[in-house]
Amino acid sequence: MTVKCVLCAEEHDSRTCPNKRNPEFTPKCANCGGPHTASYRGCPNFPKIKKVSTEKTFASVLKERKQPSTTTMKPLNQGIQPPTTSNQQGRTG
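To convert a position in the sequence shown, counted from 1, into the numbering used here, add 1300.
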């Protein structure tokens, strides 16, 4: 992948662009070739960030409620023996 200048769309870093200090320079977009910098958000080819909806819709919540639960609940005290104390160890009968 080659580096493209944001200012003139040529193959060099924009920090070293020879056109940067020229007051009569017209920028050239690396995305569409138009007369603006490649970072111009009004460019028709400017990469758009897609919004990802994290909100649940009412229909998706209802659908989740209708599905049976797949988790099984186990009693918390299953298989746990109470600890023996020194008083219980010495007693007989």
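Glycine included, every Cβ here is placed at the ideal spot set by N, Cα and C.
Residues near residue i in its chain [Cβ-Cβ closer than 7 Å; skip 5 each side]
i	result
Lys1320	Leu1307
Pro1344	Cys1332
Glu1364	none
Chain-order list of residues whose beta-carbon lies under 6 Å from that of residue i (same chain, five-residue window excluded)
i	result
Lys1328	Cys1308 and Ala1309
8 Å CB neighbourhood of residue i in its chain, flanking five on each side removed
i	result
Thr1326	Pro1335
Cβ distance (whole Å) where residue i is taken to contact residue j below 8 Å
i	j	result
Ala1330	Lys1348	Actually they are not in contact, since the Cβ atoms of Ala1330 and Lys1348 sit about 16 Å apart, beyond 8 Å.
Stretch-stretch touch, CB-based, cutoff 8 Å, three pairs: the segment 1336 to 1346 with the segment 1304 to 1319: Yes, the segment 1336 to 1346 is in contact with the segment 1304 to 1319.
Length at least 3, wholly inside the segment 1315 to 1381: the beta strand (DSSP E) runs in chain order: Qualifying beta strand (DSSP E) stretches: none in this window.
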